[in-house]
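Heads up: the sequence shown begins at 3 in the numbering used here, then just goes up one per residue.
C-beta atoms are modelled at their ideal positions from N, C-alpha and C, and glycine is treated no differently.
Heads up: the structure comes next, in structure tokens.
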Amino acid sequence: MKLIKEWIEEKITNGSIPYFEYDEFSEITEIGSGKFGQVFKASTANMKLVALKVIINKSSKEEINEADDEFTNELNLLHEVGSHPNIDCLLGITKDSKDYILVLEYANNGNLMDYLKEKFASLNWNNKIKMALDITSGLEFLHSKEIIHRDLHSKNILVNNGKLLIADFGLSKKLVDANTGSVANIMGIIGYIEPLCFSNKKYYKKDKKSDIYSLGVLLWEISSGRPPFSNYLEDKMLTYRIRFENLREEPIENTPQEYRQLYEKCWNGEPKSRPDTSEVYRILSQLSTKDFSYLLSPQHEETIPSVDNTHNSSYGFHISTNFLRIY
């Protein structure tokens, strides 16, 4: 932990990461929690809302090291990424009596999964394509910097004034650092995970195409208003069918054909057949110029079984029984 603190203090001293005094924040309210930390909403001295991301104290040395690694990894990557309109940006860092805390952009509409559940009935197809463009733009920017997210799902997409932001970089990696066989390769919400991770756990290395698979699932989710495979209660059966039976979600009625074809390319079982982010963005940009007002959106399902009950966060962090570790 000493090296981590020294690295942070160096960045603060040379001005590359802004530092906020902790007593500058007021009205601090918890808005989410997860395995390694908590997220709080807070007001700054000039009444701007921000998010504070804090490491939860752990009992074992292994948990402490894992939490520290994830915190440092996220801070390092957010610092490297800098500012982008579709990335939840790092505003700076602060410190309470014990720990350093990330100061992040606050998203006033929560995460995408909850946003779709609440707002889906009011979204038309032009809204949905704009949402898909937002995610793709953020991911294209990450990939241009040779960063893979590795944990893209609708709990890690935030919504701020209707604009979508990619968040939660704790599991993200530079491509050169993405180790083969890492447990993180096979963590995440099952429906969004690269299928090859389920069978080649020791040898498969997540890459940009893995993110593209997750992006395809997110595009489908935007079209449906619900998380993938939300009716599945048995994780092992779902992973088996996704990997070995090429199971995918069904297209939603009144989905534009070009949009459906795009997400089906993204979640193709063969990574080499998937498009890159530039191609996805190009196709979505073309679709954004078309009028789809004649297409009716499906009615949002009132009940979302299984998945919604596995999360306790509306902001970034998540705790899920759909996390999968395969040994």
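Compare the beta carbon distance of I244 and P273 with 8 Å and say whether it is the shorter of the two. I244 places its beta carbon 8 Å or farther from that of P273.
Contact between the segment 119 to 131 and the segment 95 to 104: three or more CB pairs below 8 Å? no
How about P230 and Y194: do their beta carbons lie closer than 8 Å? Taking 8 Å as the Cβ cut-off, P230 and Y194 qualify as a contacting pair.
Would a C-beta distance cut-off of 8 Å place I168 and L141 closer than the cut-off? yes
List in chain order: all unbroken alpha helix (DSSP H) runs of 4+ residues lying wholly within the segment 201 to 288. 210 to 226, 237 to 246, 259 to 268
Beta-ladder partner(s) of N48, from DSSP: Bridge partners of N48: none, in fact.
Per DSSP, what are the beta-bridge partners of L160 in this structure? In the DSSP assignment, the residues bridged to L160 are N113, L167.
What does the alpha-carbon distance come out to for the pair S308 and T74? Unreliable positioning characterises S308 in this predicted model, as indicated by a pLDDT of 39, which lies under 50. A coordinate reading is not provided.
By DSSP, does K292 sit in helix, in strand, or in coil? K292 falls in the coil class under three-state DSSP.
Proximal residues to I224 (C-beta, below 6 Å), its chain only, five neighbours per side dropped: K130, M133, A134
I'd like to know whether the C-beta atoms of N256 and G271 end up nearer to each other than 8 Å. no
Does E12 pass the burial test, meaning 16 or more other C-beta atoms within 10 Å, or should it be called exposed? exposed
Looking only at its chain, what residues have a beta carbon closer than 7 Å to the beta carbon of H155, apart from the 5 residues adjacent to it on each side? G190, I191, Y194, S216
First and last residue of the alpha helix (DSSP H) that includes L1? Within the shown structure, residues of the chain are numbered from 3 to 329, placing residue 1 beyond reach of any answer.
F42 in three-state terms, based on DSSP: If DSSP states are grouped into helix, strand and coil, F42 belongs with the strands.
Using a Cβ-Cβ cutoff of less than 8 Å, which residues in the same chain neighbour L166 once the five nearest sequence positions on both sides are dropped? The answer, listed in chain order, is N88, L114, M133, D136, I137, G140, I159, L160.
Based on the DSSP secondary-structure assignment, which residues constitute the bridge partners of A53? K43, L106
Contact defined as beta carbons within less than 8 Å: I believe L106 pairs with D116. What is the distance between those atoms, to the nearest angstrom? That pair is no contact at about 18 Å.
Expressed to the nearest angstrom, what Euclidean distance is found between the alpha-carbon atoms of E281 and L51? Pairing E281 with L51, the inter-Cα distance amounts to about 35 Å.
From which residue to which residue does the beta strand (DSSP E) around E23 run? Neither: E23 is in no beta strand (DSSP E) and is coded neither H nor E.
Excluding five sequence neighbours on each side, which residues of the same chain lie with their C-beta closer than 7 Å to the C-beta of K55? G39, V41, I103, L104, L106
Assign E82 to one of three DSSP states: helix, strand, or coil. DSSP, reduced to helix, strand and coil, places E82 within a helical segment of the structure shown.
Assign K130 to one of three DSSP states: helix, strand, or coil. helix
Might you give, ordered along the chain, the residues of its own chain that have their beta carbon closer than 8 Å to the beta carbon of A109, omitting 5 neighbours on each side? A53, D90, L160, V161, N162, L167, A169, Y317
Does the distance from the C-beta atom of L289 to that of Y261 stay below 8 Å? yes
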